[in-house]
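So the sequences go chain by chain: A and B.
First residue of the first sequence? That's 1 in our numbering, and the numbers climb one at a time after it.
First residue of the second sequence? That's 246 in our numbering, and the numbers climb one at a time after it.
There are 2 protein chains.
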Amino acid sequence: MTGHRVPEGYDPYAFEPFAVTVDLAVLTLREDRLHVLLVERGQEPYAGSWALPGGFVLPRESAEGAARRELAEETGLSDGTVAGLHLEQLRTYSEPDRDPRMRVVSVAFAALVPDAPEPRGGGDAAQARWMPYGTHGRLAFDHDRILADAHERVGAKLEYTCLATAFCPPEFTLGELRQVYETVWGVELDRPNFRRKVLTTPGFVQAVEGPPRLTGGRGKPAALYRAGEATTLHPPLLRPEGRST
Amino acid sequence: MTGHRVPEGYDPYAFEPFAVTVDLAVLTLREDRLHVLLVERGQEPYAGSWALPGGFVLPRESAEGAARRELAEETGLSDGTVAGLHLEQLRTYSEPDRDPRMRVVSVAFAALVPDAPEPRGGGDAAQARWMPYGTHGRLAFDHDRILADAHERVGAKLEYTCLATAFCPPEFTLGELRQVYETVWGVELDRPNFRRKVLTTPGFVQAVEGPPRLTGGRGKPAALYRAGEATTLHPPLLRPEGRST
DNA sequence: CTCCTTAAGAGTCATGTTGACTATAAAGGG
DNA sequence: CCCTTTATAGTCAACATGACTCTTAAGGAG
Chain A
1 MTGHRVPEGY DPYAFEPFAV TVDLAVLTLR EDRLHVLLVE RGQEPYAGSW
51 ALPGGFVLPR ESAEGAARRE LAEETGLSDG TVAGLHLEQL RTYSEPDRDP
101 RMRVVSVAFA ALVPDAPEPR GGGDAAQARW MPYGTHGRLA FDHDRILADA
151 HERVGAKLEY TCLATAFCPP EFTLGELRQV YETVWGVELD RPNFRRKVLT
201 TPGFVQAVEG PPRLTGGRGK PAALYRAGEA TTLHPPLLRP EGRST
Chain B
246 MTGHRVPEGY DPYAFEPFAV TVDLAVLTLR EDRLHVLLVE RGQEPYAGSW
296 ALPGGFVLPR ESAEGAARRE LAEETGLSDG TVAGLHLEQL RTYSEPDRDP
346 RMRVVSVAFA ALVPDAPEPR GGGDAAQARW MPYGTHGRLA FDHDRILADA
396 HERVGAKLEY TCLATAFCPP EFTLGELRQV YETVWGVELD RPNFRRKVLT
446 TPGFVQAVEG PPRLTGGRGK PAALYRAGEA TTLHPPLLRP EGRST
């Protein structure tokens, strides 16, 4: 904070307190569709509605810390696994009436998960599920907007960063990487052109030595790659049509 | 917030309350240098240090509302003028110990101002000043980081948005627009190439009809332009060297 | 085993954009 | 009147991109 303009002898308890929470837009790819982790609310307001997972920031914890803790709790992944996931602060939502119960300021995050294990039930009664992006109805609170902002941000960052690999397992094929772009952007990309772009961008991916192919489906087996050192794409890999979603 | 995992009968006052503030990185161009609006702290902690302007979010106010209110107070600009300025949420800083006095979560904003009037003293004793970016010493709290993040964000957005016009008066020359890029990025751009890029990007700028030239300095008088309808640049205007600052 | 389908991977070609330059025009200063 | 400065008009080659074609290597159906 600033300290400037702090009233002399300011008493924190003199103000209506603000609750500070985190909300998570946890995204993954399952069967070539973008999925979001949602929880069903068991109590009012919005009882029965789906909502983004999230929770309170604890007194000795940063928003990032709270987000990673919630991410581990909701996905059931080990702390070690969660530590490697891409977690990115989106923005903070602070409209006075966004929660009818009290004044809640929420720091929103986007998290990108490669594998997508079924979420564990967790200790409480609320059920958590992966749902295809867009198939859920209206979400609770302003979570529709948060989720849309997350999608928008991720889509934009695919253009000029190497973020796409965050959706992939440690070793992946170029087809899987292309599928990330196609799914998030909702477009089809030309295979050879995509391949050329990725391979000629230094540090985007690096070839895996061992068995140069992967079995699984039909078609010619594909070579495997790992994420490279680079984090940004210069020049960027722009969406077709030249316009944001 | 989520509502999920909220303890039954949760009492807001049972937790140590969080103070929520806004911090502003107000940027402008003066004499071809990037300047920041800073205030001198009059009390501990960091008494005598320079800090970003900011203040508490009021109980019935959003963070954006608080930011715009503080912006008007600190710059002395009219509410009408401030309403037209570019104000953008950066991110939220929430490390538990960022303010030694109490738990303060701060939503940071970047504001872009064209003209840069001298800041009015304001009602309190603290003095406010425009200072050239980088010439101030260490700022109070984590404001060095906030300011660096603001610079980084603005520099990045110049690449793929029409944000540069936010630094310019309503009517400007292409030389002034180019100066924005050069100053923020700290590079020199080729005049003819910059001109070609701006003029061939539909909606970036539109020519002003009237007197097709502007007097003032040496050299051939330049034509005047206004900001156009477009908000994004496709394809982007990439920084030289291909790497972020 | 053979044909068909699917996807990987190699390569071509025209187009559009960019970076590097050259040249001219129109002002002010000495 | 010459020199400097800045705007504006062009040129040209290198590069990146979009649209295609072709070959290779799997799996599945008959």
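Cβ coordinates follow ideal geometry from the N, Cα and C atoms, glycine included.
As the structure is a computational prediction, the values presented were derived from the model and not from experiment.
Worksheet item: So, is the C-beta of ARG250(B) closer than 8 Å to a C-beta in chain A?
Response: To locate residue 250(B), count along the second sequence from 1; it is residue 5. The pLDDT assigned to ARG250(B) is 44, lower than 50, so where the model puts this residue is not dependable, and the model offers no usable value.
Fill in: Coil, strand or helix - MET246(B) by DSSP
Within the second sequence, residue 246(B) is the residue found at index 1, counting from 1. Since pLDDT at MET246(B) reaches only 45, below the 50 mark, its modelled position is unreliable, and no value is offered.
Worksheet item: Could you check where the beta strand (DSSP E) with ASP23(A) kicks off and where it finishes?
Response: The sequence position of residue 23(A) within the first sequence is 23, counting from 1. Unbroken beta strand (DSSP E) run through ASP23(A): 19 to 30.
Worksheet entry | Within chain A, partners of ALA308(B) - CB distance below 8 Å | Walking along the second sequence from the start, residue 308(B) turns up at place 63. Within 8 Å Cβ-Cβ: THR92, SER94, VAL105.
Item to complete: Decide if LEU444(B) is buried, meaning its Cβ has at least 16 other Cβ atoms within 10 Å, or exposed.
Response: Along the second sequence, one-based indexing puts residue 444(B) at 199. Looking at its Cβ environment, which holds fewer than 16 other Cβ atoms inside 10 Å, LEU444(B) is exposed.
Discussion item. Check whether the stretch 136 to 153 of chain A and the stretch 175 to 183 of chain A are in contact - that is, three or more C-beta pairs closer than 8 Å.
Written reply: No, because fewer than three Cβ pairs between the stretch 136 to 153 of chain A and the stretch 175 to 183 of chain A fall closer than 8 Å, the two stretches do not touch.
Worksheet item: Under a three-way DSSP split, which group does GLY299(B) fall into?
Response: Numbered from its first residue, the second sequence carries residue 299(B) at position 54. Taken through DSSP and simplified to helix, strand or coil, GLY299(B) comes out as strand.
Worksheet item: Listing by chain order, which chain A residues have their CB less than 7 Å from the CB of VAL450(B)?
Response: The residue labelled residue 450(B) in the question sits at position 205 within the second sequence. For VAL450(B), no chain A residue has a C-beta closer than 7 Å to its own C-beta; the minimum C-beta separation is roughly 18 Å.
Discussion item. Using a Cβ-Cβ distance cut-off of 8 Å, determine whether ALA230(A) contacts chain B.
Written reply: As a first step, residue 230(A) must be located in the first sequence, where it is residue number 230. No, no contact with chain B.
Worksheet item: In chain B, which residues lie with their C-beta within 9 Å of the C-beta of ARG238(A)?
Response: For the purposes of this step, residue 238(A) is taken as residue 238 along the first sequence, with counting starting at 1. Before going further, note that residue 238(A) is Leu rather than Arg in the sequence given. Chain B residues near LEU238(A): HIS479, PRO480, PRO481.
Discussion item. I want to see whether chain A comes within less than 8 Å of PHE263(B), judged by CB atoms only; does it?
Written reply: Counting from one through the second sequence, the residue named residue 263(B) turns up at place 18. It does: the Cβ of PHE263(B) has a partner Cβ on chain A nearer than 8 Å.
Worksheet item: Taking the C-alpha atoms as reference points, what is the distance between CYS168(A) and GLY217(A)?
Response: Locating residue 168(A) in the first sequence gives position 168, where the first residue counts as 1. Locating residue 217(A) in the first sequence gives position 217, where the first residue counts as 1. Taking the straight line joining both Cα atoms gives about 17 Å.
Worksheet entry | Test: ARG305(B) CB closer than 8 Å to a CB of chain A | Looking up residue 305(B) in the second sequence gives position 60. With 8 Å as the cut-off, ARG305(B) counts as an interface residue toward chain A.
Worksheet item: Among LEU434(B), GLU474(B), LEU282(B), LEU408(B), which residue has its Cα nearest to the Cα of THR320(B)?
Response: Residue mapping note: residue 320(B) aligns to position 75 of the second sequence, counting from 1. The closest CA to that of THR320(B), considering only LEU434(B), GLU474(B), LEU282(B), LEU408(B), is found on LEU282(B).
Item to complete: Identify the continuous alpha helix (DSSP H) that holds GLU73(A) and give its terminal residues.
Response: Along the first sequence, one-based indexing puts residue 73(A) at 73. According to the DSSP assignment, GLU73(A) belongs to the alpha helix (DSSP H) that extends over 63 to 75.
Item to complete: Compute the Euclidean distance between the alpha carbons of VAL208(A) and GLY228(A), then round it to the nearest angstrom.
Response: For this step, residue 208(A) is matched to residue 208 along the first sequence. For this step, residue 228(A) is matched to residue 228 along the first sequence. When rounded, the distance between both Cα atoms is 11 Å.
Worksheet entry | Span of the beta strand (DSSP E) around THR92(A) | Counting from 1 along the first sequence, the entry for residue 92(A) is found at position 92. Looking at the DSSP string, the run of the beta strand (DSSP E) that includes THR92(A) is 86 to 93.
Fill in: Residues that TYR225(A) bridges to, as DSSP identifies them
Residue numbering aside, residue 225(A) sits at position 225 when the first sequence is read from its first letter. Answer by DSSP bridge pairing, in chain order: PHE172(A), ALA207(A).
Worksheet item: When the Cα atoms are used, what is the spatial distance from ARG423(B) to PRO345(B)?
Response: The count along the second sequence starts at 1 and reaches residue 423(B) at position 178. The count along the second sequence starts at 1 and reaches residue 345(B) at position 100. Spanning the alpha carbons of ARG423(B) and PRO345(B) requires a straight line of approximately 42 Å.
Worksheet item: When the Cα atoms are used, what is the spatial distance from VAL302(B) to PRO117(A)?
Response: Position 57 of the second sequence, counting from 1, holds the residue named residue 302(B). Position 117 of the first sequence, counting from 1, holds the residue named residue 117(A). Approximately 40 Å, taken between the alpha carbons.
Item to complete: Could you tell me whether the Cβ of VAL82(A) comes closer than 8 Å to any Cβ of chain B?
Response: Position 82 of the first sequence, counting from 1, holds the residue named residue 82(A). VAL82(A) does not count as touching chain B.
Discussion item. Here's the rule I'm using: 16 or more other beta-carbon atoms within 10 Å means buried, otherwise exposed. How should ARG91(A) be labelled?
Written reply: Your numbering for residue 91(A) matches position 91 in the first sequence. ARG91(A) is buried by the Cβ-count criterion.
Worksheet item: Straight-line CA distance for PRO359(B) to ALA411(B)?
Response: The sequence position of residue 359(B) within the second sequence is 114, counting from 1. The sequence position of residue 411(B) within the second sequence is 166, counting from 1. Their Cα atoms are separated by approximately 6 Å.
Item to complete: State buried or exposed for GLN89(A), treating a residue as buried only when at least 16 other CB atoms are found within 10 Å of its CB.
Response: To locate residue 89(A), count along the first sequence from 1; it is residue 89. It counts as buried.
Worksheet item: Counting along the chain, where does the alpha helix (DSSP H) carrying PRO437(B) start and finish?
Response: Start at 1 with the first residue of the second sequence, and residue 437(B) comes out as number 192. Note, PRO437(B): alpha helix (DSSP H), 436 to 445.
Worksheet item: Does the separation of the CB atoms of PRO341(B) and LEU238(A) fall below 8 Å?
Response: The residue you call residue 341(B) lines up with position 96 of the second sequence. The residue you call residue 238(A) lines up with position 238 of the first sequence. Against a cut-off of 8 Å, the Cβ pair of LEU238(A) and PRO341(B) comes out as no contact.
Item to complete: State the CB to CB distance for the pair VAL432(B) and VAL20(A), rounded to an integer number of angstroms; the pair is presumed to be in contact (CB under 8 Å).
Response: For the purposes of this step, residue 432(B) is identified with residue 187 of the second sequence, where counting begins at 1. For the purposes of this step, residue 20(A) is identified with residue 20 of the first sequence, where counting begins at 1. Here VAL432(B) is actually not in contact with VAL20(A); their C-beta atoms are around 40 Å apart, not less than 8 Å.
Worksheet item: Helix, strand or coil: which one does DSSP assign to PRO345(B)?
Response: Numbered from its first residue, the second sequence carries residue 345(B) at position 100. Three-state result, PRO345(B): coil.
Worksheet item: How far does the alpha helix (DSSP H) with ALA148(A) in it reach, from first residue to last?
Response: Locating residue 148(A) in the first sequence gives position 148, counting from the first residue. Going by DSSP, ALA148(A) is part of the alpha helix (DSSP H) stretching over 143 to 160.
Practice prompt. Please say whether ILE146(A) and LEU52(A) have beta carbons closer to each other than 8 Å?
Written response: The count along the first sequence starts at 1 and reaches residue 52(A) at position 52. The count along the first sequence starts at 1 and reaches residue 146(A) at position 146. Pairing LEU52(A) with ILE146(A) gives a Cβ-Cβ distance under 8 Å.
Item to complete: Reducing DSSP to helix, strand and coil, say where LEU163(A) ends up.
Response: Counting from 1 along the first sequence, the entry for residue 163(A) is found at position 163. Helix, per DSSP.
Worksheet item: Shortest alpha-carbon distance to LEU316(B) belongs to which of HIS331(B), GLY379(B), GLY448(B)?
Response: Along the second sequence, read from residue 1 onward, the residue named residue 316(B) stands at position 71. The shortest Cα separation from LEU316(B) among HIS331(B), GLY379(B), GLY448(B) belongs to HIS331(B).
Discussion item. Please report the distance separating the alpha-carbon of THR273(B) from that of LYS402(B).
Written reply: Within the second sequence, numbered from 1, the residue matching residue 273(B) stands at position 28. Within the second sequence, numbered from 1, the residue matching residue 402(B) stands at position 157. Taking the straight line joining both Cα atoms gives about 15 Å.
Practice prompt. Answer yes or no: does any C-beta atom of chain B fall closer than 8 Å to that of MET1(A)?
Written response: The sequence position of residue 1(A) within the first sequence is 1, counting from 1. At MET1(A), the pLDDT of 45 sits below 50, so the modelled position is not reliable and the matter cannot be decided from this model.
Worksheet item: How would you list, in chain order, the residues of chain A whose beta-carbon sits under 8 Å from the beta-carbon of GLN334(B)?
Response: Along the second sequence, read from residue 1 onward, the residue named residue 334(B) stands at position 89. At a C-beta separation below 8 Å, GLN334(B) has these neighbours in chain A: ARG91, THR92.
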